[in-house]
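Numbering (full-length UniProt numbering), first residue to last: 1 to 171. Every residue, glycine too, gets a C-beta built ideally from N, C-alpha and C.
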């Protein structure tokens with residue numbers, strides 16, 4: 001069993017008990033030390049405080065594992081905890097649900113990719129708003145899904161919206 005798979009087995013229930021999903025765990029060598037990269041998520045997203053909280057949980061567990069088997073992570077390790085990036089593929093129903101309202105492209109097993117906004121997601125399918133019409137895509141038909149980054153320029157305020165305060169000062 002690899003260090004990554006062993007640690008995933010150990011950490012998954014601890015991370016879940018803390019209210020998060022363990023999305024990914026990777027252990028890699030970096031010189032004489034190991035780097036343990038942990039990706040967590042939860043409904044509503046992960047804040048910096050969440051990262052700090054889960055870092056303590058994971059660090060304590062890694063210390064116990066390292067003490068039990070000093071060869072697991074080598075002479076020392078560095079822990080990195082983060083949330084999933086926007087480029088993370090949507091592979092689980094919870095990923096689709098957590099991105100409700102976002103624009104996504106779903107690659108289907110048969111047919112062209114479908115781009116639309118997630119309007120609903122359950123355990124069996126995601127519903128996309130495609131050009132104003134709902135389209136239900138069962139997960140069994142979806143090869144992958146990716147959130148599309150939307151760079152929308154903020155609307156320019158009208159001149160009428162820019163007013164001075166009542167006494168005429170600009171301060």
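Whether residue i touches residue j by CB criterion (9 Å)
i: residue 41; j: residue 89; result: no
i: residue 108; j: residue 117; result: no
i: residue 7; j: residue 62; result: yes
i: residue 75; j: residue 32; result: yes
i: residue 121; j: residue 127; result: yes
i: residue 23; j: residue 10; result: no
i: residue 64; j: residue 15; result: no
As assigned by DSSP and simplified to three states, the class of residue i
i: residue 150; result: coil
i: residue 60; result: helix
i: residue 139; result: helix
i: residue 105; result: strand
i: residue 134; result: strand
i: residue 53; result: helix
i: residue 83; result: coil
i: residue 33; result: strand
i: residue 163; result: Because the pLDDT of residue 163 is 49, which lies under 50, any placement of that residue in the model is unreliable, and the number read from its coordinates should be weighed accordingly. Residue 163 falls in the coil class under three-state DSSP.
i: residue 129; result: strand
Contacts around residue i, its chain only, beta-carbon distance under 6 Å, and the 5 residues preceding and following it disregarded
i: residue 144; result: 89 and 107
i: residue 73; result: 34 and 66
Own chain partners of residue i with C-beta closer than 7 Å, once the 5 adjacent residues on each side are dropped
i: residue 86; result: 147 and 149
i: residue 55; result: 79 and 81
i: residue 26; result: 4 and 37
i: residue 43; result: 98
Alpha helix (DSSP H) segment containing residue i, residue limits
i: residue 46; result: Element bounds for residue 46: n/a, residue is neither H nor E.
i: residue 14; result: 3-17
i: residue 97; result: 93-98
Residues bridged to residue i [DSSP beta-bridge criterion]
i: residue 24; result: 39
i: residue 145; result: 106
Start and end residues, beta strand (DSSP E) containing residue i
i: residue 121; result: 114-121
Cβ neighbours of residue i in the same chain (closer than 8 Å, five flanking residues each side left out)
i: residue 125; result: 136, 137, 138 and 139
i: residue 59; result: 79
i: residue 177; result: No answer is possible for residue 177: it lies beyond the span of the chain, which begins at 1 and ends at 171.
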